[in-house]
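Its first residue numbered 1, the sequence shown is counted upward by one per residue in the numbering used here. Structure first, commentary second.
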Amino acid sequence: MKRLVILCDGMADYPVKALGGKTPLAAAKTPVIDRLAREGSCGLFNTIPADLPAGSEVANLSVMGYDPRENFCRRGVLEAASLGVELSDSQLALRCNLIWAKDDKIASHSGGDLSHKTGAEIIKLLNDKLGGNGIRFYQGAHYRHLLVIDGGDSHINCRPPHDYIGRNIADLKVTALEKRGEKTAEILNRLIADSAAVLAELPLNREKAAPGQKRPTLIWPWAAGEKPRMKTIKELTGLDGAVITAVDLIKGLGIYAGMKVIEVEGATGNSHTNYEGKAAAALEALKKYDYVYLHVEAADEAGHDGDLKLKIRVIEDLDSRLVAPIMKGIEEAKLDIRIALLPDHPTPVESGIHVKDPVPVILWGSGVRPDAVREYNEEEAKKGGLGLMDQKAFFKNFFGG
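This is the structure in structure tokens:
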């Protein structure tokens, strides 16, 4: 039996007054996904344990098949793996956002959808002006990049910028959790402060901005970590796996899990992604691999941006442009398959931050007994036959015979 996860990052939400008390998922038109709910079994999945942060690295570990308490690793090191940066045991890797700061506050966790060329120019500038002496920046995609510090210590508190929109930057300095983290915290605070003058040199920051236009005006390192040690998916489940995603964090998880990372042209990690290409890649991967993890980021970005209309649209795009062609291909091929469709965590549009609430999940296909749920959303999933699952229960239901 094949297994396919369709992971809709940040899709879950809270009821919104402007939608008459519905969530974006409940308001969106999703006939294909609703059909899966009718034919499959639904429930809730607590992807993030109470004692771990509400991050995609934790939630996706849970969904992918790992106990996050035993395998927790910060996203910096995962993104390093995705970028082909091999870390030594003495190096510290951090996600490095290019953020938009305005009036000494974080205006957005993102400095905009920057082109590959612009990103390369920015990273070169940062390395020229701030790099050296064991400090190096690496290019990722759009506003998401990487910082590596030789001899850095992970016992520091770096705040995720998407959780502190509108907050004063002076109140968000990196702090040491233990004495051994003090030097690293000092280095990071200096880099953040010095980056303002460096990024001000960019041509795009000298031009007059349109109202609300995001710009990369400050670096924001966070999610510091060292190399993880985890079993491969093959060792864990007996299945050969593949990952399809535009997001470096998920690629890095796949690499450490021993899964094949499949690149899709035009996959962007935002609302402009190539849904059709990702669907085709998933169907092709299922011919070769037993387990395919298909990750789509767009709803999470819409949630962080507080864009209600966009979040509804990307959920509808997910249904019509990704899930629909996948189901058509699966049924034409008469695949023996079990599908899990779910978010990793909610990213509510009204707060713009990740929360730990359980997420609605559908299991569909071989060995799945239908329940009474007729459509897929947060409220209906509570009535499903799967009940409220922790990571071990989800693992048994999805990977079990």
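All C-beta atoms in this analysis are idealised placements derived from N, C-alpha and C, irrespective of residue type, glycine included.
Does the beta-carbon of Ala-170 have 16 or more other beta-carbons within 10 angstroms, so that it is buried, or is it exposed?
exposed
Can you find at least 3 beta carbon pairs, one from the stretch 181-194 and one from the stretch 369-376, that sit closer than 8 Å?
Touching, no, given that fewer than three Cβ pairs across the two stretches are closer than 8 Å.
Among Arg-206, His-304 and Pro-216, which one has its Cα closest to the Cα of Ile-192?
Pro-216
Give the DSSP-derived three-state secondary structure of Gly-140 in the structure shown.
strand
Cross-strand partners of Gln-421 (DSSP beta bridge):
The shown model of the chain, from 1 to 401, leaves out residue 421, and the question about it has no answer.
Beta-carbon contacts of His-155 that lie in its chain and below 7 Å, excluding the five residues immediately before and after
Sequence-distant partners of His-155 (beyond 5 residues in either direction) whose C-beta falls short of 7 Å from its own C-beta, in its chain, are Ala-176, Leu-177, Glu-178, Arg-180 and Gly-181.
Under 8 Å between the Cβ atoms of Leu-31 and Asp-319?
The sequence shown places Pro at residue 31, not Leu. Yes, these two residues count as a Cβ contact at 8 Å.
Cβ-Cβ distance between Met-64 and Tyr-293 below 8 Å
For Met-64 and Tyr-293, yes; Cβs fall inside 8 Å.
So the alpha helix (DSSP H) Lys-124 belongs to, where does it begin and stop?
Run containing Lys-124: 116-130, per the alpha helix (DSSP H) assignment.
What whole-angstrom Cβ distance do Ile-315 and Leu-4 have, given they're in contact under 8 Å?
19 Å between Cβ atoms; not a contact.
Which class does Val-174 belong to by DSSP, given the choice of helix, strand or coil?
coil
Span of the alpha helix (DSSP H), counted from its first residue to its last, around His-304
Unbroken alpha helix (DSSP H) run through His-304: 298-304.
Using the C-alpha atoms, what's the distance from Ile-262 back to Leu-402?
The displayed coordinates of the chain run from 1 to 401. Any statement about residue 402 would go beyond what the structure contains.
What's the C-alpha gap between Gly-55 and Val-77?
Roughly 14 Å separates the two Cα atoms.
In terms of residues, what are the limits of the alpha helix (DSSP H) holding Ser-62?
Element bounds for Ser-62: 56-64.
Measuring only the C-alpha atoms, how far is Lys-356 from His-162?
15 Å
Within 8 Å, strictly: CB atoms of Val-361 and Ala-393:
no
Among Arg-229, Ala-257 and Val-247, which has the Cα closest to the Cα of Asp-240?
Among Arg-229, Ala-257 and Val-247, the Cα nearest to that of Asp-240 is on Ala-257.
Identify which residue in Ala-59, Ala-101 and Lys-2 has its Cα closest to the Cα of Lys-214.
Ala-101
Buried or exposed for His-354, going by 16 or more other Cβ atoms inside 10 Å?
The residue is buried, with at least 16 neighbouring Cβ atoms inside 10 Å.
Which ranges would you report for the alpha helix (DSSP H) in the stretch 65-93 if only whole runs of at least 4 residues count?
68-71 and 75-82
In chain order, which beta strand (DSSP E) runs of at least 3 residues are fully inside the stretch 216-260?
You should have 218-225 and 241-244.
Within the continuous beta strand (DSSP E) that includes Leu-363, where are the two ends?
359-365
Can you give the beta carbon distance from Asp-9 to Val-359, rounded, assuming they're within the 8 Å contact cut?
The Cβ separation is near 11 Å, so there is no contact.
Can you name, in chain order, every residue of its own chain whose Cβ lies under 7 Å from the Cβ of Arg-159, other than the five neighbours on each side?
Excluding residues within five positions, the ones whose Cβ falls inside 7 Å are Leu-172 and Trp-222.
Buried or exposed by the 16-neighbour rule on C-beta atoms within 10 Å, applied to Asn-168:
exposed
Taking Cβ positions only, does Asp-357 come closer than 8 Å to chain C?
Absence of chain C from the displayed structure is noted, only one protein chain being present.
Can you tell me whether Val-5 is helix, strand or coil according to DSSP?
strand
When you compare only the Cα positions, how much space is there between Ile-219 and Arg-136?
Answer to the nearest angstrom: the Cα atoms are 13 Å apart.
Tell me the rounded alpha-carbon separation between Ala-267 and Asn-71.
For Ala-267 and Asn-71, the gap between their C-alpha atoms comes out near 28 Å.
Strictly by DSSP, which residues pair up with Asn-168?
Lys-105
Given 8 Å, three or more beta-carbon pairs between the stretch 131-148 and the stretch 236-253
yes
For Ala-185, which residues of its own chain have a beta-carbon under 7 Å away from its beta-carbon, when the five flanking residues on both sides are left out?
Closer than 7 Å at Cβ, skipping near neighbours: Ile-156, Val-174, Thr-175 and Ala-176.
With DSSP run on the structure shown, which of helix, strand or coil describes Asn-377?
coil
Inter-stretch contact (C-beta, 8 Å, three-pair minimum) for the stretch 84-97 and the stretch 222-237:
Yes, since at least three Cβ pairs between the stretch 84-97 and the stretch 222-237 fall closer than 8 Å, the two stretches touch.
DSSP three-state label for Gly-43, please.
strand
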